[in-house]
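What follows is a single structure, written as structure tokens, with notes after it.
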Amino acid sequence: MIAVLGIGLWLFAGIMIGIQVLRAWSRGAFAAPSRFVLVSSTVDAVVALAFMRAVVPPPGLLSWVWVIAAVAVGIGIAGVILRWPTVGWDAPTSRPSRPAMRAVLTGIYAAAGAGLVVVLA
């Protein structure tokens, strides 16, 4: 039963990392429409990776799976850095809001994610 739970959690982390990489590098339907989406998908992937390392660490040679996942998150972060100047704080199709408020919410989300990573480390 615990093995099934571990596999399920690793699949969840893989999906979160895949979404983050797609949001960062895609130019089509999966592309992040705003900076908040870029930051939130990155925070979700990093927290999922830290959660997996803390709760269900891979044994022995399977630790390389975690290293590969960490590299994938790094590739996604590189995509976020490259896309950052071209993406606004709001999605183009959403109703306009205050960019300062969006920036503050994005910062709060990132700080909460950083706090979770510190707790899980």
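For reference, each letter of the sequence shown is one residue, going 1 to 121 in the UniProt record's numbering. Yeah, the Cβ is synthetic: ideal placement off N, Cα and C, and Gly gets one too. Keep in mind that this is a model prediction, so the values were computed, not measured.
Is it the case that the Cβ atoms of T42 and V87 are separated by a distance below 7 Å?
No. Outside cutoff.
DSSP three-state label for W10, please.
Note: W10 maps to helix in three-state DSSP.
According to the neighbour-count rule (16 or more other Cβ atoms, all chains shown, within 10 Å of its Cβ), is F36 buried or exposed?
Label assigned to F36: buried.
Determine, using beta-carbon pairs with one atom in the segment 51-69 and one in the segment 18-36, whether at least three such pairs fall under 8 Å.
Cβ pair count under 8 Å is below three, so no.
Mapping the DSSP letters down to three states, classify I27 as helix, strand or coil.
The sequence shown places Arg at residue 27, rather than the Ile named in the question. Correct three-state label for R27: coil.
Below 7 Å CB to CB, which residues in the same chain sit around A103 once its five sequence neighbours on both sides are set aside?
So the list reads W89, once near-sequence residues are dropped.
Using the Cα positions of L105 and R98, report the straight-line distance between them to the nearest angstrom.
Those two C-alpha atoms are separated by around 11 Å.
May I ask you to report which of helix, strand or coil DSSP gives R83?
Helix, per DSSP.
Alpha carbon to alpha carbon, what distance is there between G115 and W10?
If I take the Cα positions, the gap works out to 21 Å.
Just curious, the alpha helix (DSSP H) that F53 is in, first and last residue?
Reading off the sequence shown, one finds Arg at residue 53, where the question assumed Phe. R35 to V55 is the span of the alpha helix (DSSP H), which, as asked, contains R53.
What is the rounded straight-line gap between the Cα of L22 and the Cα of I2?
Looking at the two C-alpha atoms, the distance is approximately 30 Å.
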